[in-house]
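Novice: Dumping the structure here so I can ask a few things about it.
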Amino acid sequence: MATSLQTQFLFTILCTFLLQFSRFASSQSFIGVNYGIVADNLPAPEATAKLLQSTSVGKVRMYGADPAMIRALANTGIGIVIGAANGDIPALASDPSFATQWVNSNVLAYYPDTKIAVITVGNEVMSSVDQSLVSLCLPAMQNVQNALNAASLGGKIKVSTVHSMAVLASSDPPSSAVFNSGFSDTMRSLLKFHSANGSPFMINPYPFFAYQSDPRPETLAFCLFQPNAGRVDSATGIKYMNMFDAQVDAVRSALNAMGFKDIEIVVAETGWAYKGDPNEVGASVDNAKAYNGNLINHLRSKVGTPLMPGKSIDTYIFALYDENLKPGPGSERAFGLFKPDLSMTYDAGLSKNSQTPTTPVSPNPTTPATPSPVQTSGWCVPKPDVSDAQLQSNLDYVCGQGLDCGPIQPGGACFDPNTIASHAAYAMNLLYQTAGRNPWNCDFVQTAALTSSNPRFDPKGSQFEKIRSTQSLGWSSHRLDCPRSPVKDCVGL
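Here's what the structure looks like:
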């Protein structure tokens, strides 16, 4: 009987692991990348298509409609966004036949073998130098939409345009966000178009630039999804634990304020430069890896944002490769996730061949750019004499990442003892076990340490009861429950 139960238990664990692994081994539709071509050293489109298929990237956004790349992505299952350049807007707006020709050449010639999902008409038009394009953007979008409708593709391929965060007059706190009054009439007309056609509002939030304007250590942690005290929206009482959620929710608030709660948001660009000019604060490999890796982990958790919980917004990371011919500061040429030789600039956790199913969350900005995947066993616990304020920050951080903190909520199996220390210990170990059990997953700004002893809580007291972990205990460090009484194994996993 015991052997049968053990076999059944092992089978269940194996099935759970395979299900979990397959979830991350396949491409994920909400994770996309931007493919820019302002470079003279890009790999061949066919090589790029194979690279993308080796990752969990589900979508690619192009700034134009490069025929070779569109053909290379045919029959890969990867969704793509193609773009009409700002320079095409006047002709698209004034000449419906030009819009029809554009759709025939760039869509009908490849669809449905190539999975074209969205056409963007212009990029950051509202904040462009040529302000004459602002009034032409919507007519151009309408003509492209009409051309798609005529080809019976109006319900299958969406038409949008991409905005910078400059379209918002304010974004802090998120609930106060409204669109710039200078664009109010144009924006309302655009939003009516989106609502009528079911197309997304596409935005480019960059915590990287937010940090450059406020380069304090606490701002860096907030921008990199690292442990921090959080920022409370004074109007709603919502505590935001990262800048990405705050920026996206600011856009949500602005849309809601204009009465367009039905319009979906797509993050068309976001990323972090891995190097820059000497005066560009925050541009480093460590920060880029932390931001993109933790962003991917955040999206995979499907926790959503406070105003849009329980789902992952389609997000396109900037960028697949560096664009070595782009003008501007050094950072403009240093956003690439991959090098021209197809090797990783740093490991953001996108590879299907990653050794762990989730991206390691890197709470320490000094984490090496490409740490060896040396997994360790044991438990992650708070160091002695860590303040309650720091423990609360760690607790808020973990639970804000979408991990299951239900057991330490009132009524949960691990709620007692009801102390910050015990709840934080549970949460910190939960993240450590979930993120891959690597040493860098147990740092928490140097407030945590690994132990080989099994730290278990006595529900009648407030202190850890450390018991040496042995097989006779009947459990391992992989368990995600709080079994047995009177002493519970309430340390996350």
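Numbered per mature numbering (1 follows the signal peptide of the UniProt record, and there is no 0), the sequence shown spans residues -27 to -1, 1 to 466.
We treat Cβ as the ideally placed atom computed from N, Cα and C, and that holds for glycine.
So, is Ser285 buried or exposed, given that buried needs 16 or more other C-beta atoms within 10 angstroms?
Specialist: Looking at its Cβ environment, which holds 16 or more other Cβ atoms inside 10 Å, Ser285 is buried.
Novice: Go ahead and label Gly384 buried or exposed: buried means 16 or more other beta carbons lie within 10 angstroms of its beta carbon, across all protein chains shown.
Specialist: Classification for Gly384: exposed.
Novice: From which residue to which residue does the beta strand (DSSP E) around Ile238 run?
Specialist: Its beta strand (DSSP E) spans residues Ile238 to Thr243.
Novice: By DSSP, does Met231 sit in helix, in strand, or in coil?
Specialist: Note: Met231 maps to coil in three-state DSSP.
Novice: When burial is assigned at 16 or more other CB atoms within 10 Å of the CB, is Arg34 buried or exposed?
Specialist: Buried, by the Cβ-count rule.
Novice: Inspect the beta-carbon positions of Phe233 and Ser168 and report whether they are closer than 7 Å.
Specialist: Contact: yes.
Novice: Rounded to a whole number of angstroms, what is the C-alpha to C-alpha distance between Glu237 and Asp358?
Specialist: Computed Cα separation, rounded: 46 Å.
Novice: Could you check what DSSP says for Ala124 in three-state terms: helix, strand or coil?
Specialist: Of the three classes helix, strand and coil, the one that applies to Ala124 here is coil, per DSSP.
Novice: Please classify Gln363 as buried or exposed, where buried requires at least 16 other C-beta atoms within 10 Å of its C-beta.
Specialist: Gln363 comes out buried.
Novice: Rank Val140, Ile51 and Lys32 by C-alpha distance to the C-alpha of Leu163 and give the top, closest one.
Specialist: Of the listed residues, the one whose Cα sits closest to Leu163 is Val140.
Novice: Decide if the segment 110 to 126 is in contact with the segment 189 to 198; the criterion is three or more beta carbon pairs, one per stretch, under 8 Å apart.
Specialist: The segment 110 to 126 vs the segment 189 to 198: no contact.
Novice: What do you reckon, are the CB atoms on Ile381 and Tyr405 nearer than 7 Å?
Specialist: Their beta carbons are not under 7 Å apart, which means Ile381 does not touch Tyr405 by this criterion.
Novice: At what residues does the alpha helix (DSSP H) containing Lys88 begin and finish?
Specialist: Note, Lys88: premise wrong, no alpha helix (DSSP H); beta strand (DSSP E) at Lys88 to Asn96.
Novice: If distances are taken between C-alpha atoms only, which option among Gly351, Thr134 and Ile393 comes closest to Ala113?
Specialist: Per the Cα distances, Thr134.
Novice: Using CA coordinates, which residue listed in Asn14, Ile4, Phe3 and Val6 is at the minimum distance from Lys312?
Specialist: Nearest option by C-alpha distance: Asn14.
Novice: Quick test of your reading: Gly244 and Ala292, contact by CB under 8 Å. State the CB separation rounded to the nearest angstrom.
Specialist: The pair is a contact, with the Cβ atoms about 6 Å apart (cut-off 8 Å).
Novice: Determine the DSSP secondary structure at Asn79, reduced to helix, strand or coil.
Specialist: Correct three-state label for Asn79: helix.
Novice: Measuring only the C-alpha atoms, how far is Cys353 from Phe198?
Specialist: The alpha-carbon atoms of Cys353 and Phe198 are separated by roughly 19 Å.
Novice: Does the segment 35 to 54 come within contact of the segment 318 to 327, defined as at least 3 CB pairs closer than 8 Å?
Specialist: Touching, no.
Novice: What are the start and end residues of the alpha helix (DSSP H) that includes Tyr405?
Specialist: Where Tyr405 is concerned, the enclosing alpha helix (DSSP H) stretches over Ile393 to Thr407.
Novice: Return the residue from the list Ser149, Lys165, Ala230 and Val240 that minimises the CA-CA distance to Tyr179.
Specialist: The option with the nearest alpha carbon to Tyr179 is Val240.
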